[in-house]
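In full-length UniProt numbering, the protein residues as written are 1 to 335.
Where is the CB? At the ideal position from N, CA and C, for every residue including glycine.
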């Protein structure tokens with residue numbers, strides 16, 4: 001039903017946003033067969049599957065190795081039991097490490113997620129988390145600040161003052177340690193939350209942050225093609241019923257020129273590639289370029305933004321504030 005939407009060949013396929021490790025080999029083979037039947041796919045696409053450490057036993061990894069999957073993203077979050085319990089994770093610290101060692105027998109391209117800013121996690125424990133990841137020789141690490149969702153055990157513990165609330169200063173301290181440690185160990189911070197060794201940038205993440213088009217299949221999945229953004233409904237029975245009826249259960253919005261400018265600023269400033277001021281002028285017009293140049297002046301004086309030729313980037317001092325800075329540069333009124 002959506003085979004004509006993508007204007008270019010598929011460069012990467014990502015199984016995530018749920019529990020794709022529930023899929024059997026037959027499931028995966030059928031999905032790949034269908035993708036290759038209906039889309040043009042490059043010769044060597046990056047194909048990632050998300051999994052939790054407790055999903056990755058020897059039998060499952062042997063099965064995955066027989067499929068087209070060539071990259072794993074493992075939701076480690078922490079190598080410490082106390083952190084995992086706080087976040088209500090199903091796996092143990094031992095499983096976090098053993099799953100990686102097992103996965104390395106079958107896959108070279110592995111990414112793990114690590115969470116920082118966890119209440120009661122001092123700098124030393126965060127450094128030990130990073131040291132363990134480096135010791136395990138992981139080529140890609142995605143690291144995110146802890147967010148407290150409503151109606152979770154963590155929110156309950158904070159509300160009851162059993163544990164302290166999330167501290168922005170602690171998160172900033174952890175982020176600074178993260179960036180320094182990664183740089184010392186040959187990782188490049190190519191996007192705010194992503195660190196990769198040479199040749200191991202996530203093609204999936206890079207596509208999002210550099211504005212490439214993508215197609216999301218399944219309930220809740222988002223898509224971005226040309227100037228249209230769409231998102232599938234998040235109700236499984238309704239989604240399935242619509243598909244059976246030959247309908248696409250998605251809502252769509254057409255991005256205005258201002259919407260696209262704001263997205264370019266947001267995504268560009270999060271990456272090492274930055275924002276191309278000349279491209280702003282070409283793509284969006286002189287008014288947008290002039291507005292941007294006016295808005296960045298204070299941030300340049302504060303040492304948070306740097307303009308080198310046509311390229312605008314956040315500085316080391318401004319990196320942790322990049323989303324906030326980007327939002328201050330947004331255009332609100334021009335159409």
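Cβ-based neighbour list, residue i, same chain, cut-off 6 Å, excluding 5 preceding and 5 following
| i | result |
| --- | --- |
| residue 174 | 116, 117, 126 |
| residue 100 | 136 |
Where residue i falls: helix, strand or coil (DSSP)
| i | result |
| --- | --- |
| residue 355 | Outside the displayed span of the chain (1 to 335) sits residue 355, for which this structure offers no information. |
| residue 326 | helix |
| residue 80 | coil |
| residue 4 | coil |
| residue 45 | strand |
| residue 99 | helix |
| residue 233 | coil |
| residue 280 | helix |
| residue 157 | helix |
| residue 29 | helix |
| residue 228 | strand |
| residue 260 | helix |
| residue 107 | coil |
| residue 71 | strand |
| residue 13 | strand |
| residue 92 | coil |
| residue 59 | helix |
| residue 269 | helix |
| residue 35 | helix |
| residue 144 | strand |
| residue 200 | coil |
| residue 320 | helix |
| residue 86 | helix |
Endpoints, alpha helix (DSSP H) assigned at residue i
| i | result |
| --- | --- |
| residue 288 | 286-295 |
| residue 207 | 203-209 |
| residue 125 | 123-135 |
Sequence-distant residues of its chain with Cβ nearer than 8 Å to residue i (five each side left out)
| i | result |
| --- | --- |
| residue 322 | 192, 269, 270, 314 |
| residue 242 | 233, 248, 249 |
| residue 354 | Summary: the structure shown does not reach residue 354, with the chain confined to residues 1 through 335, and so no result is reported for it. |
| residue 267 | 208, 209, 210, 211 |
| residue 335 | Low per-residue confidence applies at residue 335: pLDDT is 49, beneath 50, and the placement is therefore not dependable, though the value from the model is reported in the following sentence. Same-chain partners within the cutoff: 256, 257, 258. |
| residue 197 | 139, 140, 186, 187, 188 |
| residue 58 | 102 |
| residue 63 | 24, 25 |
CB of residue i within 8 Å of CB of residue j, strictly
| i | j | result |
| --- | --- | --- |
| residue 76 | residue 134 | no |
| residue 3 | residue 36 | no |
| residue 325 | residue 307 | no |
| residue 225 | residue 23 | no |
| residue 213 | residue 141 | no |
| residue 332 | residue 265 | no |
| residue 71 | residue 46 | yes |
| residue 148 | residue 319 | no |
| residue 230 | residue 252 | yes |
| residue 181 | residue 255 | no |
| residue 60 | residue 98 | no |
| residue 78 | residue 114 | yes |
| residue 81 | residue 54 | no |
| residue 67 | residue 28 | yes |
| residue 121 | residue 176 | no |
| residue 52 | residue 90 | yes |
| residue 284 | residue 299 | no |
| residue 86 | residue 163 | yes |
| residue 272 | residue 190 | yes |
| residue 73 | residue 17 | no |
| residue 41 | residue 9 | yes |
Residue i: first and last residue of the uninterrupted beta strand (DSSP E) it sits in
| i | result |
| --- | --- |
| residue 311 | 311-314 |
| residue 236 | That residue, residue 236, is in no beta strand (DSSP E); its alpha helix (DSSP H) goes 236-244. |
| residue 177 | No beta strand (DSSP E) holds residue 177; the alpha helix (DSSP H) holding it covers 168-184. |
| residue 191 | 188-191 |
| residue 254 | 250-254 |
| residue 305 | 305-308 |
Cβ neighbours of residue i in the same chain (closer than 7 Å, five flanking residues each side left out)
| i | result |
| --- | --- |
| residue 203 | 11, 12, 46 |
| residue 303 | 315, 317 |
| residue 289 | 277, 280, 281 |
| residue 200 | 109, 139, 140 |
| residue 291 | 331 |
| residue 239 | 219, 232, 233, 249 |
Does the stretch 273-288 come within contact of the stretch 307-320, defined as at least 3 CB pairs closer than 8 Å? yes
Check whether the stretch 212-228 touches the stretch 158-172, counting contact only when three or more Cβ pairs, one atom from each stretch, lie closer than 8 Å. With the cut-off at 8 Å, the stretch 212-228 and the stretch 158-172 do not touch.
So, do the stretch 104-111 and the stretch 148-165 have three or more beta carbon pairs nearer to each other than 8 Å? no
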